[in-house]
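Working notes, beginning with the structure itself.
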Amino acid sequence: MDVKDLKILLIDDSFEAINIIKGMLKSIDVDQIFTAKDGKEGLDFLGIADDMIDVVLCDWNMPRISGLELLTQLRSCDPDLPFLMITGASDYDSVAAAKSAGVTGYLRKPFSPMDLEKKLTVVSRMIEARQSAMAE
């Protein structure tokens with residue numbers, strides 16, 4: 122699977138951050154981008170359209186349901202959906218908490234379109250490997 126073919130759910134409570142990240146995604150030819158303004162809205166969307174999404178890009182600090190809470194709830198029903206946490210926090214405790222909840226990877230703010238593309242390339246290869254393993 123090519124990065125440009127990924128269907129991404131972008132969850133962030135900042136309208137400005139959503140627009141910046143959408144711009145980055147479009148600059149690397151990703152055009153299937155769905156958005157949610159917080160973890161609750163993201164969880165609701167995934168409940169309806171889980172099979173439409175290839176990867177979740179989610180901010181850590183949000184009202185109602187944080188990125189970590191969303192990840193924990195998501196892992197109970199979908200242990201395989203790639204989940205990239207967007208955060209300014211990279212302290213040991215935060216990283217350990219997200220890893221134990223099943224995070225796929227991190228994007229530390231601020232990040233560049235190239236950083237984003239690298240993470241998404243890893244995710245697309247993971248998806249490809251899983252799909253070929255299931256086909257065997």
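Each residue of the sequence shown is one higher than the one before, counting from 122 in the numbering used here.
Beta carbons: idealized from backbone N, C-alpha and C, even for Gly.
Asked, Found
"C-alpha gap between GLU137 and SER253, whole angstroms", "38 Å"
"Element boundaries [beta strand (DSSP E), containing MET247]", "No beta strand (DSSP E) holds MET247; the alpha helix (DSSP H) holding it covers 234 to 256."
"One or two residues paired with LEU205 in a DSSP bridge", "LEU178, GLY226"
"Burial state of ASP172, where buried means 16 or more other Cβ atoms lie within 10 Å", "exposed"
"Limits of the beta strand (DSSP E) - the one that LYS128 falls within", "128 to 132"
"Nearest-angstrom Cα separation, counted from ILE141 out to ILE174", "20 Å"
"Member of GLY160, LYS161, VAL176 whose CA lies at the smallest distance from the CA of ASP123", "VAL176"
"Inter-residue Cα distance where the pair is LEU130 and PHE204", "10 Å"
"Contacting residues, own chain, Cβ-Cβ under 7 Å from GLY144 (five flanking each side not counted)", "none"
"Separation of ILE149 from LYS230, as counted between CA atoms", "18 Å"
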